[in-house]
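Participant: Offset between the sequence shown (1-based) and my numbering: plus 17. Backbone N, C-alpha and C fix where the C-beta goes; we use that ideal spot for every residue, glycine too. Please read these numbers as outputs of a predicted model, since none were measured by experiment. Before I ask anything, here is the structure I am working with.
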Amino acid sequence: MLNKPPLAADPGRKKTPVWDLPTRMFHWLLALLVTISFITVEIGGNAMQYHERSGFAILTLLLFRLGWGLLGSQPSRFKTFLKGPAAVSRYAATMLRREPECHLTHNPLGGWSVAALLTVLLVQAGTGLFANDDIATEGPLYRWVSKGTSDWITEAHEVNAGIIVVLVVLHMAAVLFHLIYKRDNLLAPMLTGDKPCEAADGEPGMRPLWLAVAIAALAAAAVYFVVR
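Structure below.
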């Protein structure tokens, strides 16, 4: 399984497929759409229609990731990389060592940072459904709540956007920390899917692409039903 103690990372070590195509596509599409969302909300005006569509797409991606985190490939499942307090404490105590460790998925701290980022993005997409800008833009579920409730949700939407910025900056800082200080390139595996680590019990179990397509289709259908 993937819970073996980490080994020292070695570029010459046999590479193991870790991040499947659906997980990689999710990662980069989410990064692109979050960027679009922040740019369009700053522009305002007619750009808000693209902000809204970007939010729908982000919600679709997040619902897909929830499904893939339960049913997808072993490295992408939440139970694989969300560790308990003891594992997080052990990792935190050794994270300043310059020698990179071989974590086939996210390291114990990284796993929870991913979970936190997914959570705040889900909150952002959910609150956007009820938000309004007091001008021309209203979320598709705006009429399901009172104006006062929508205004309160809109404020939460704006505050949560700041939390997203903080978590994204911390995420990027962690990637740079591992690249520069620990000499551990975390971006390359998210591009190629492979890590220079050897799994102790053979290659992790990968799920077929059709399952990812089915989960994505269900996520898209759910969002379409809500926004229409």
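Measuring straight from C-alpha to C-alpha, what distance separates residue 154 and residue 65?
Facilitator: In the sequence shown, the residue the question calls residue 154 occupies position 137. In the sequence shown, the residue the question calls residue 65 occupies position 48. Taking the straight line joining both Cα atoms gives about 7 angstroms.
Participant: Can you look up residue 27 in the DSSP assignment and give me helix, strand or coil?
Facilitator: Taking the first residue of the sequence shown as position 1, residue 27 is located at position 10. For residue 27, the predicted structure reports a pLDDT of 48, less than 50, and the residue's modelled location is therefore unreliable. A value from the coordinates is still provided. Three-state DSSP puts residue 27 in coil, outside helix and strand.
Participant: Run the CB neighbour count on residue 63, radius 10 Å, all protein chains shown included, and call it buried at 16 or more, exposed below.
Facilitator: One-based indexing of the sequence shown puts residue 63 at position 46. Exposed: under 16 other Cβ atoms inside 10 Å.
Participant: Measuring CA to CA, which of 242, 125, 110 and 236 is closest to residue 77?
Facilitator: Against the sequence shown, residue 77 aligns to sequence position 60. For residue 77, the nearest C-alpha among the options comes from 236.
Participant: With a floor of 4 residues, list each alpha helix (DSSP H) that falls wholly inside the segment 85-169, ordered by position along the chain.
Facilitator: Within the segment 85-169, the complete alpha helix (DSSP H) runs of at least 4 residues are 95-98, 102-111 and 125-145.
Participant: For residue 132, which residues in the same chain have their Cβ closer than 8 angstroms to its Cβ, ignoring the five residues on either side in sequence?
Facilitator: Locating residue 132 in the sequence shown gives position 115, counting from the first residue. Cβ neighbours of residue 132 beyond the five flanking positions: 95 and 99.
Participant: Quick one: is residue 92 buried, meaning 16 or more other Cβ sit within 10 Å of its Cβ, or exposed?
Facilitator: Taking the sequence shown and counting its residues from 1, one reaches residue 92 at position 75. When all chains shown are included, residue 92 counts as buried.
Participant: Would residue 198 and residue 107 qualify as a contact pair, given that the criterion is a beta-carbon distance under 9 angstroms?
Facilitator: Against the sequence shown, residue 198 aligns to sequence position 181. Against the sequence shown, residue 107 aligns to sequence position 90. Result no, Cβ atoms of residue 198 and residue 107 do not sit closer than 9 angstroms.
Participant: Going by other Cβ atoms of all chains shown within 10 Å of its Cβ, with 16 needed for buried, is residue 35 buried or exposed?
Facilitator: Residue numbering aside, residue 35 sits at position 18 when the sequence shown is read from its first letter. So residue 35 ends up on the buried side.
Participant: Excluding the 5 residues preceding and the 5 following residue 212 in the sequence, name in chain order all residues of the same chain whose CB lies nearer than 7 angstroms to its CB.
Facilitator: Counted from its first residue, the sequence shown places residue 212 at position 195. Around residue 212: 32, 33, 35, 121 and 206.
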